[in-house]
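Same order as they appear, the protein sequences are chains X and W.
Heads up: the first sequence begins at 262 in the working numbering, then just goes up one per residue.
Heads up: the second sequence begins at 47 in the working numbering, then just goes up one per residue.
Backbone N, C-alpha and C fix where the C-beta goes; we use that ideal spot for every residue, glycine too.
Working notes, beginning with the structure itself.
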Amino acid sequence: MSIDTKTAAKVAHLARIRVEDDKLPALAQEFNNILGFIEQLNEVDVEGVEPMTSVTPMRLKRREDVVTDGNMPEKVMSNAPDAREGFFAVPKVVE
Amino acid sequence: MSELNKMTLADARNNLRAGEITSVELTEACLAEIDGSDALNAFVHNTPEIAMQQAQAADARIAEGDAPSMCGLPIGIKDLFCTKGVPSQAASRILDGFRPEYESTVSQNLFDAGAVMLGKLNMDEFAMGSSNETSVYGNAVNPWKVDDRALTPGGSSGGSAAAVAADLCLAATGTDTGGSIRQPAAFTGITGIKPTYGRCSRWGIIAFASSLDQAGPMTKSVRDAAIMLEAMCGHDPKDSTSADLAVPNFEAMLSGDIRGKVIGIPKEYRMDGMPEEIEQLWADGTAMLKDAGAEIRDITLPHTKYALPAYYVIAPAEASSNLARYDGVRYGHRATLEAGDGITEMYEKTRAEGFGHEVQNRVMIGTYVLSAGFYDAYYNRARRVRALIKKDFDDVFAAGVDAILTPATPSSAFGLGEMADADPVQMYLNDVFTVTVNLAGLPGISVPAGLDSKGLPLGLQLIGKPWEEGDMLNIAYALEGAAGFVAKPAKWW
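Dropping the structure here:
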């Protein structure tokens, strides 16, 4: 399985990371190196083995589905790069 | 009393309680050392005001006869931990300027136990690295030096390791996703423990790979590791994977008596091309435990060689999901946009500017292995292999093994920049002995055990049964006593 520059560009877009066109061949090469390393996993017989979902055999804790926190908009917004009138501001979205 | 900063947690605690020293004196000694340590680049955000305030409060508590376990002891905190009002940016540009409105559970637990925070410590960006060379703050430097080269302190908890080894603080917090506490501890001649998955709350620790991440202490002795681990861990309702189990008094379990304990020696950890010195260190450590009365047993962990490839599917997959939150909207860096740029350009430019090269690559690898058509072939297969790796350990423990002894790293510290042109897989091999432990959720500890021919420290790793940190620490205590490692780096910084 080899990754070409087109696939590299698609993955970069899915990850929402801008990669300039002239950097795509090097990126594709790096992906191929790492995926080549990962390919070893194909040697393992995993027939009948369930994918691990939790490393410790314990049921996750549940809590009541109630509001336990909130009413602190200033704290929530305090680190925002652009916050106005109690909202996070982003560039105009036109669909 | 001179050189208070060189004390262990245990000695400082005993001297504080006896009224021989004060926390203010101890804290001032550490702050002075930090001021003179710029060449190590270990501390990246200093918090002297907080430290002095906490030290004064600790002295008042001790005077009143109320001295909890870490009372008045000055420590450093890895930059991955959110600390209220103090920069916490995972050594990444994307969290530039971020000051959390809350405190991580682990740092809060330490403060509740009376600890004093000296500042935040350097690390690899988002804990992704084994040499502390991916940090936005620049490289942390190992205080150990044998020629004119600057050496890596290891990573990702490189700043923590350098700071403890150089006596800038009494101890430090670290985190370990694939070896990030144990490898830097081995490279700097200190002790580092990664507890069982679920022992320490992950709440408020900036997430890398949530099913693998665990916090732990990095200290100057096994006793100190026991003291500090107990203060850090405990059940936390804010982390659903935090174990609701009583925390034992780990220090009280350090008897040094390991007669009858069964120590497994896994044949798969004897790798081709492993330096003779590491081989010898491992044999010496085995002999020490045998002399102390342990039974040595050869064991097999057949899926060991698949641990690193499985890790390099699972960890990037989880990272791609965890790091999706850095979008330039709620916190941290946002790229300057051009006229006409929409929200997609904002995301893509922000993340391209904010994440370093290694982080970008891992996020994209994670995106790829989770993408439609590849999820089963890569991600699910890796999770199946992970189940087999855990079963290897389960089988060995079920057969009566109490702990497993391995080398901590395949080499001693290497020079900063020496791996720059190497294939990233070469860098990943640093974690070959430690990563299995994260995949299986087990506790592991690195104990300094000797020097190589160049004069650099080497560590041995003990792997324990789930929730048996106390037993593992006791075996580590016996090993520490037998190895008698006392070397310290000569001060050049």
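According to DSSP, residues forming a beta bridge with residue i
i	result
Val308 of chain W	W:Glu341
Arg345 of chain X	X:Phe348
Gln326 of chain W	Answer by DSSP bridge pairing: none, since Gln326 of chain W is not bridged.
Gly490 of chain W	W:Lys240, W:Ile509
Pro286 of chain X	None, per the DSSP bridge assignment.
Gly496 of chain W	W:Leu504
Leu451 of chain W	W:Leu508
Ala529 of chain W	BP columns for Ala529 of chain W are empty, so no partner.
Ala56 of chain W	Answer is none; Ala56 of chain W lacks a bridge partner.
Ala217 of chain W	W:Ile121
Met163 of chain W	W:Ile121
Asp222 of chain W	W:Gln260
Gly461 of chain W	W:Leu197
heavy atom of the ligand MG below 7 angstroms from residue i C-beta
i	result
Thr223 of chain W	In the structure on display, the ligand MG does not appear, and there are no ligands present to speak of.
Residue environment, residue i, which counts as buried when at least 16 other CB atoms sit within 10 Å
i	result
Tyr22 of chain W	Since the displayed chain W opens at 47 and closes at 539, residue 22 of chain W lies outside it and no answer follows.
Asn484 of chain W	buried
Gln41 of chain W	Since the first residue shown for chain W is 47 and the last is 539, residue 41 of chain W is missing from the structure and cannot be characterised.
Leu164 of chain W	buried
Gln406 of chain W	buried
Phe89 of chain W	buried
Lys240 of chain W	buried
Thr480 of chain W	buried
Phe348 of chain X	exposed
Asp326 of chain X	exposed
Trp328 of chain W	buried
Thr234 of chain W	buried
His349 of chain W	buried
Met169 of chain W	buried
Val316 of chain X	buried
Lys436 of chain W	buried
Gly530 of chain W	exposed
Ala333 of chain W	exposed
Gly402 of chain W	buried
Asp265 of chain X	exposed
Leu525 of chain W	buried
Thr68 of chain W	buried
Asp283 of chain X	exposed
Lys353 of chain X	exposed
Trp513 of chain W	buried
Cys81 of chain W	The residue you asked about is not Cys; residue 81 of chain W is Asp in the sequence shown. It is exposed - the Cβ of Asp81 of chain W has fewer than 16 other Cβ atoms within 10 Å.
Asn476 of chain W	buried
Ser176 of chain W	buried
Any chance you could list the alpha helix (DSSP H) runs of at least 4 consecutive residues sitting entirely within the segment 335-401 of chain W, in chain order? Runs found: 353-368, 389-400.
Check whether the segment 71-90 of chain W and the segment 278-289 of chain W touch, using three or more Cβ-Cβ pairs below 8 angstroms as the test. no
Does the structure place the segment 490-501 of chain W close enough to the segment 372-391 of chain W that three or more beta carbon pairs sit under 8 angstroms? no
If the cut-off is 7 angstroms on Cβ atoms, which residues from the segment 137-157 of chain W count as contacting chain X, listed in chain order? Phe144, Arg145, Glu147
Using Cβ-Cβ distances below 7 angstroms, what residues of the segment 292-317 of chain X are close to chain W? Flagged, chain order: Phe292, Asn294, Ile295, Phe298, Ile299, Gln301, Leu302, Val305, Val307, Val310, Glu311, Pro312, Met313, Val316, Thr317.
Kindly confirm or deny that the segment 113-129 of chain W and the segment 244-258 of chain W touch, where touching means at least three C-beta pairs closer than 8 angstroms. Output reads yes: the segment 244-258 of chain W touches the segment 113-129 of chain W.
If contact is defined by three or more beta carbon pairs under 8 angstroms, each pair taking one atom from either stretch, is the segment 357-371 of chain W in contact with the segment 335-346 of chain W? no
Output the residue ranges of the beta strand (DSSP E) runs that lie fully inside the segment 224-278 of chain W and measure 3 residues or longer, sorted by chain position. 237-240, 260-265
Ordered list of beta strand (DSSP E) runs contained in the segment 68-143 of chain W, each at least 3 residues: 89-92, 120-124
Evaluate contact between the segment 221-235 of chain W and the segment 101-111 of chain W, counting only Cβ atoms and requiring at least three cross-stretch pairs below 8 angstroms. no
Tell me which residues of the segment 334-356 of chain W have at least one Cβ-Cβ distance to chain X shorter than 9 angstroms, keeping chain order. His349, Lys351, Tyr352, Leu354, Pro355, Ala356
Residues of the segment 404-424 of chain W whose Cβ lies closer than 7 angstroms to any Cβ of chain X, in chain order: Gln406, Asn407, Val409, Met410, Ile411, Thr413, Tyr414, Ser417, Tyr424
What are the residues of the segment 433-461 of chain W that lie near chain X, defined by any Cβ-Cβ distance shorter than 8 angstroms? Ala433, Leu434, Lys436
Could you run through the segment 501-532 of chain W and flag, in chain order, every residue whose CB is less than 8 angstroms away from some CB of chain X? Pro512
Within the chosen definition, does the segment 144-152 of chain W reach the segment 185-198 of chain W through at least 3 CB pairs nearer than 8 angstroms? no
Listed in chain order, which residues of the segment 344-356 of chain X have Cβ atoms closer than 8 angstroms to some Cβ of chain W? Phe349, Val351, Pro352, Lys353, Val354, Val355
Please determine if the segment 309-321 of chain W and the segment 383-391 of chain W are in contact, where contact requires at least 3 C-beta pairs separated by less than 8 angstroms. no
In chain order, what residues of the segment 164-184 of chain W put their CB closer than 8 angstroms to some CB of chain X? none
Given 8 angstroms, three or more beta-carbon pairs between the segment 294-301 of chain X and the segment 258-272 of chain W: no
What are the residues of the segment 328-340 of chain X that lie near chain W, defined by any Cβ-Cβ distance shorter than 7 angstroms? Lys336, Ser339, Asn340
Between the segment 307-318 of chain W and the segment 192-205 of chain W, are three or more C-beta pairs nearer than 8 angstroms? no
For the segment 377-401 of chain W, which residues have a CB atom closer than 8 angstroms to at least one CB atom of chain X, in sequence order? Tyr377, Gly378, His379, Arg380, Leu383, Asp387, Gly388, Ile389, Thr390, Glu391, Met392, Tyr393, Glu394, Lys395, Arg397, Ala398, Phe401
Output, in sequence order along the chain, the residues in the segment 466-479 of chain W whose CB is closer than 7 angstroms to any CB in chain X. Listed in sequence order: Asp469, Pro470, Val471.
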